[in-house]
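**Student:** Can you read through this structure? Questions will come right after.
Number of protein chains: 2
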Amino acid sequence: MDTQSTFDAYLSAGDVTLGARDVELLRAIDREGSLNNAAETLSRSYAHAQRRIVELEEAFGSLVERRRGGAGGGGSELTDNARDLLAAFARTQSSFEGVADIAETVLSGDIVDRDGELVTVETGAGHVRALVPDGSGAVELSIRADAVTLTDPEDTPVPEHTSARNRFSGTVREVEMGERIARIAVDIGGNQPILALVTEDSREKLGLEPGHDVVVSFKATATRGVSV
Amino acid sequence: MDTQSTFDAYLSAGDVTLGARDVELLRAIDREGSLNNAAETLSRSYAHAQRRIVELEEAFGSLVERRRGGAGGGGSELTDNARDLLAAFARTQSSFEGVADIAETVLSGDIVDRDGELVTVETGAGHVRALVPDGSGAVELSIRADAVTLTDPEDTPVPEHTSARNRFSGTVREVEMGERIARIAVDIGGNQPILALVTEDSREKLGLEPGHDVVVSFKATATRGVSV
DNA sequence: GACCGTTGTTTCGACATAGATACAACCGCG
DNA sequence: CGCGGTTGTATCTATGTCGAAACAACGGTC
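So the sequences go chain by chain: V and E.
The UniProt record's numbering applies: residue 1 is where the first sequence begins, and numbers increase by one.
The UniProt record's numbering applies: residue 1 is where the second sequence begins, and numbers increase by one.
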């Protein structure tokens, strides 16, 4: 079974949520210069699109400046507010895409200490500090590969001097090159290696090849877990 | 206008996607011991729930072991496969929650170099390396607060010895304490400070108070941007 | 062998979403 | 003053989703 995680992103204000479909509509208005043409090119009904715009504006404020009559019959264009909203949507969507696409390592373990939502988990590789909303006992921690920093063992800050609460010494097990980004699997003693995403630049400077020693560190606040 | 980013998480296999509603159903079956009672407690129709299970199993493999007849008329329970699926869903959902909830800094700038999807962006605070799928010119970079590492200026690895490609010297501008987690705003010379999430532990050890000097670093692979 | 509560299957209808259509209002322009 | 293309509004219909209801099949237990 080959599952893949996907998502729908929304921006919500009050009880109205703006989704991908709405963004598509706003972009089309921007492109076409009129609500009518926008609905046309998207093969949607004008009536519905118009009602939706009104609905969105009640929650998000003015979005589309609409003029009727005049040369060419009128037209519509986006407000600055709408452009900000579109940019915000694009940003959050791209953040979510990061989560959906990027490899992560899953560590299993048991909670041995809890302080608010901050917990200490005993795993095969040692203690890991992480965020787990609630529960106790067995947990699964997920560590996104883009949140893992690799440093040279000779020049790694002592734990008191960095905010990365989790650090492990390990050796590179596998290097998988992408276009400009390498995925490094580092053995840290647990039953499975930690994956880290680094630029080819970094890979070269740190001399990351199989067998090379390296220190992996990641922040507690970027390590999230769920009870199982 | 106060917008908030939300999301719906899915796991998809082929053209079937498993969503929150399906997860709710599977959990109810696990809890109630029968498909019938599960549908009952969720106020859903048994018929629809049953069809949905069949549909999901065609894509995700065996999920529910159903027995009819026998003592008590039969019953159903989840397969190990289904439990794995539930855990996977919980993990991805919790990862998405991280993105939705956690503060981020948005830096505006212009692309000055591109190498694949890896770009160098000129911002008010200096050059930042980031991932931007396509486009050129103006971009907005979002840097999640949980991806920012703070280190002591006295003990920060030289750039050649760390995979964190972006580093800036700054001074703490503001500290906002949560329960066990502090949000630190660090001034790095741009028009807006970088936000970092650190544990209270780290805040104390690094002596993070307004006015204190600190080095902020974050990975290029954790910095995503969109063209504007 | 009848009972009983479950699974399996079909059909119907309620409901929400969205397209289709029609028509009024608007206003610069020729 | 009418034309033309737009916005604004109302109503109808198609579609898909999901609950409601009814009934057959199943198989331990008594």
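From the three backbone atoms N, C-alpha and C, an ideal C-beta is built for every residue, glycine too.
Keep in mind the model is a prediction, meaning the values are calculated, not measured.
Which residue marks the beginning of the alpha helix (DSSP H) containing residue 166 of chain V, and which one marks its end?
**Tutor:** Taken as a continuous stretch (DSSP letters only), residue 166 of chain V belongs to no alpha helix (DSSP H), being part of the beta strand (DSSP E) at 166-177.
**Student:** Out of V/208, V/198 and V/28, which one is the CA nearest neighbour of residue 166 of chain E?
**Tutor:** The candidate whose alpha carbon is nearest that of residue 166 of chain E is V/198.
**Student:** Leaving out the 5 sequence neighbours to the left and right, which residues in its chain are closer than 8 Å to residue 129 of chain V when beta-carbon positions are compared?
**Tutor:** Here the set comprises 118, 119, 120, 121, 165, 166, 220 and 223.
**Student:** Starting from residue 53 of chain E, trace the alpha helix (DSSP H) in both directions and tell me its first and last residue.
**Tutor:** Segment 46-60, the alpha helix (DSSP H) holding residue 53 of chain E.
**Student:** In terms of residues, what are the limits of the beta strand (DSSP E) holding residue 148 of chain V?
**Tutor:** Run containing residue 148 of chain V: none; DSSP gives neither H nor E here.
**Student:** For the beta strand (DSSP E) containing residue 229 of chain E, name the first residue and the last one.
**Tutor:** Summary: the structure shown does not reach residue 229 of chain E, with chain E confined to residues 1 through 228, and so no result is reported for it.
**Student:** What does residue 157 of chain V reach in chain E if we use C-beta pairs closer than 8 Å?
**Tutor:** In chain order: 151, 152, 155, 156 and 157.
**Student:** Helix, strand or coil, according to DSSP, for residue 23 of chain V in the structure here?
**Tutor:** Residue 23 of chain V falls in the helix class under three-state DSSP.
**Student:** Do residue 82 of chain V and residue 26 of chain V come within 7 Å of each other at the CB atom, strictly closer than that value?
**Tutor:** Contact: yes.
**Student:** What's the call for residue 113 of chain E, buried or exposed, on a 16-neighbour Cβ count within 10 Å?
**Tutor:** The residue in question, residue 113 of chain E, is exposed, as its Cβ has fewer than 16 Cβ neighbours within 10 Å.
**Student:** Go through its chain and collect everything with a Cβ distance to residue 23 of chain E's Cβ below 7 Å, but skip five positions before and after it.
**Tutor:** Hits under 7 Å: 86 and 89.
**Student:** Would you say residue 121 of chain E lies against chain V (beta-carbon separation less than 7 Å)?
**Tutor:** False, the Cβ-Cβ gap to chain V never drops below 7 Å.
**Student:** Taking the Cβ atom as the reference point for each residue, do residue 225 of chain V and residue 99 of chain V lie within a distance shorter than 7 Å?
**Tutor:** Contact: no.
**Student:** Please state whether the Cβ-Cβ distance between residue 148 of chain V and residue 216 of chain V is less than 7 Å.
**Tutor:** Contact: yes.
**Student:** Should residue 54 of chain V be flagged as near chain E, meaning a C-beta pair shorter than 7 Å?
**Tutor:** It does not: the Cβ of residue 54 of chain V has no partner Cβ on chain E nearer than 7 Å.
**Student:** Quick check on residue 4 of chain E: buried or exposed, where buried means 16 or more other Cβ atoms within 10 Å of its Cβ?
**Tutor:** Counting Cβ neighbours within 10 Å, residue 4 of chain E comes out exposed, since fewer than 16 surround it.
**Student:** Which same chain residues, not among the five before or five after residue 16 of chain E, have their C-beta less than 8 Å away from its C-beta?
**Tutor:** Contacts found: 55, 56, 58, 59 and 60.
**Student:** Of all the options V/70, V/80 and V/51, which has the alpha carbon lying nearest to the alpha carbon of residue 62 of chain V?
**Tutor:** Minimum Cα distance to residue 62 of chain V is reached at V/80.
**Student:** By the three-class DSSP mapping on this structure, what secondary structure does residue 99 of chain E have?
**Tutor:** Reduced to three states, the DSSP call for residue 99 of chain E is helix.
**Student:** Can you tell which of V/156, V/142, V/208 and V/187 has the C-alpha that lies nearest to the C-alpha of residue 92 of chain E?
**Tutor:** Nearest of V/156, V/142, V/208 and V/187 to residue 92 of chain E, Cα basis: V/142.
**Student:** To the nearest whole angstrom, what separates the beta carbons of residue 182 of chain V and residue 193 of chain V, a pair I think is in contact under 8 Å?
**Tutor:** Contact doesn't hold; Cβ gap of about 14 Å is too wide.
**Student:** Smallest Cα separation from residue 123 of chain V: which of V/115, V/134 and V/105?
**Tutor:** Closest option to residue 123 of chain V, Cα to Cα, is V/105.
**Student:** Tell me, which residues are paired with residue 218 of chain E by DSSP?
**Tutor:** DSSP, once it has assigned bridges, lists E/166 as partnering residue 218 of chain E.
**Student:** Does the beta carbon of residue 87 of chain V fall short of 6 Å from some heavy atom of the ligand NAD?
**Tutor:** The ligand NAD is not among the ligands present in this structure, which contains no ligands whatsoever.
**Student:** Note down, in chain order, every chain E residue with its Cβ under 9 Å from the Cβ of residue 137 of chain V.
**Tutor:** Those do not exist, as residue 137 of chain V stays about 14 Å from chain E at its closest Cβ, beyond 9 Å.
**Student:** So, for residue 45 of chain E: in the same chain, excluding its five sequence neighbours on each side, which residues have a beta-carbon less than 7 Å away from its beta-carbon?
**Tutor:** Around residue 45 of chain E: 39.
**Student:** Are the CB atoms of residue 76 of chain V and residue 29 of chain V within a distance shorter than 7 Å?
**Tutor:** In this structure, residue 76 of chain V lies closer than 7 Å to residue 29 of chain V by Cβ.
**Student:** Do residue 102 of chain E and residue 67 of chain E have their C-beta atoms within less than 7 Å of each other?
**Tutor:** Taking 7 Å as the Cβ cut-off, residue 102 of chain E and residue 67 of chain E do not qualify as a contacting pair.
**Student:** Kindly indicate if chain E contains any beta-carbon less than 7 Å away from that of residue 228 of chain V.
**Tutor:** Judged by the 7 Å Cβ criterion, residue 228 of chain V is in contact with chain E.
**Student:** Got a sec: is the Cβ-Cβ distance from residue 175 of chain E to anything in chain V below 7 Å?
**Tutor:** Judged by the 7 Å Cβ criterion, residue 175 of chain E is not in contact with chain V.
**Student:** Taking buried to mean at least 16 other C-beta atoms within 10 Å of its own C-beta, is residue 153 of chain E buried or exposed?
**Tutor:** So residue 153 of chain E ends up on the exposed side.
**Student:** Shortest alpha-carbon distance to residue 162 of chain E belongs to which of V/191, V/48, V/200 and V/176?
**Tutor:** Nearest of V/191, V/48, V/200 and V/176 to residue 162 of chain E, Cα basis: V/200.
**Student:** Mind checking which residues open and close the beta strand (DSSP E) that includes residue 196 of chain E?
**Tutor:** Its beta strand (DSSP E) spans residues 194-199.
**Student:** What is the residue span of the beta strand (DSSP E) that residue 6 of chain E lies within?
**Tutor:** Residues 4-13.
**Student:** Measuring alpha carbon to alpha carbon, tell me which residue in V/34, V/205 and V/150 is nearest residue 188 of chain V.
**Tutor:** Nearest of V/34, V/205 and V/150 to residue 188 of chain V, Cα basis: V/150.
**Student:** Identify the continuous beta strand (DSSP E) that holds residue 118 of chain V and give its terminal residues.
**Tutor:** That run of the beta strand (DSSP E) goes 118-123.
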